[in-house]
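*Asks:*
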Amino acid sequence: MVNYIAKVTIYVNNQEEAKQFWTEKMGFVCHEQPMGPHFKWMEVRPKEAEKTSFVIYEKELMLKQNPKANVSHPNVILSTTDIEGAYQQLQANGVKVGELQIMPYGKMFTFEDQDHNIYLLREDQ
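Read in order, the letters of the sequence shown correspond to residues 1 to 125 in my numbering.
1. Using only the alpha-carbon positions, how far apart do Q65 and K7 sit?
2. Among K19, M26, E16, whose alpha-carbon lies nearest the alpha-carbon of N93?
3. With distance defined between alpha-carbon atoms, name the residue in K40, M108, N3, P46 nearest to M62.
4. Let me know if V76 comes out buried or exposed under the rule of 16 or more other beta-carbons within 10 Å of its beta-carbon.
5. For the alpha helix (DSSP H) holding Y87, just list the boundary residues, first then last.
6. F28 by DSSP, collapsed to three states: which one?
7. Pick from V71, T110, P104: whose alpha carbon is nearest that of V97?
8. Let me know the secondary structure DSSP gives Q114 once reduced to three states.
9. Could you check if S72 is buried or exposed, using at least 16 other CB atoms within 10 Å of its CB as the buried criterion?
10. Output needed for D115: all residues of its chain with C-beta closer than 7 angstroms, excluding positions within five of it in sequence on either side, in chain order.
11. Quick check: what's the CA-CA separation for E48 versus F28?
What follows is the structure, given as structure tokens:
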């Protein structure tokens, strides 16, 4: 029935600031295209071949289109095979990271984007 998760929408205050965060600090690739005079469709993903992407959508625009939309922070868990390397790289890139937690069931840490949305990065085992 469902083959994979295609897109997850992240609501942001400013698309360009979000693009800068995800491409420059997180190393993601970005695809965008104009969608009328005042809007552009923007997606970021870890690498070109990745099927799943984040749709970067401005909160204000969504609330104009749908006042009942929930534009609060996302609850997204990302994964890596090198948690220590990712932790050091994000710190070096100026990303606000939480404490690296080493638990019996795995290693993980939180980080924030430009709008202070909180994400979790965990190591695949």
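Just so it is clear, CB atoms sit at the ideal spot from N, CA and C, and this is done for glycine as well.
*Replies:* Reading from the atomic positions:
1. Rounded to the nearest angstrom, the two C-alpha atoms are 19 angstroms apart.
2. Measuring from the Cα of N93, the nearest candidate turns out to be M26.
3. Closest by alpha carbon: K40.
4. By the 10 Å Cβ count, V76 comes out exposed.
5. Residues 83-92.
6. Correct three-state label for F28: coil.
7. Comparing Cα-Cα distances from V97 to each of V71, T110, P104, the minimum goes to T110.
8. Note: Q114 maps to coil in three-state DSSP.
9. Exposed is the call here.
10. When the five nearest sequence neighbours on each side are left out, the beta carbons in the same chain lying within less than 7 angstroms of the beta carbon of D115 are those of V12, N13, in order along the chain.
11. Roughly 9 angstroms between the two C-alpha positions.
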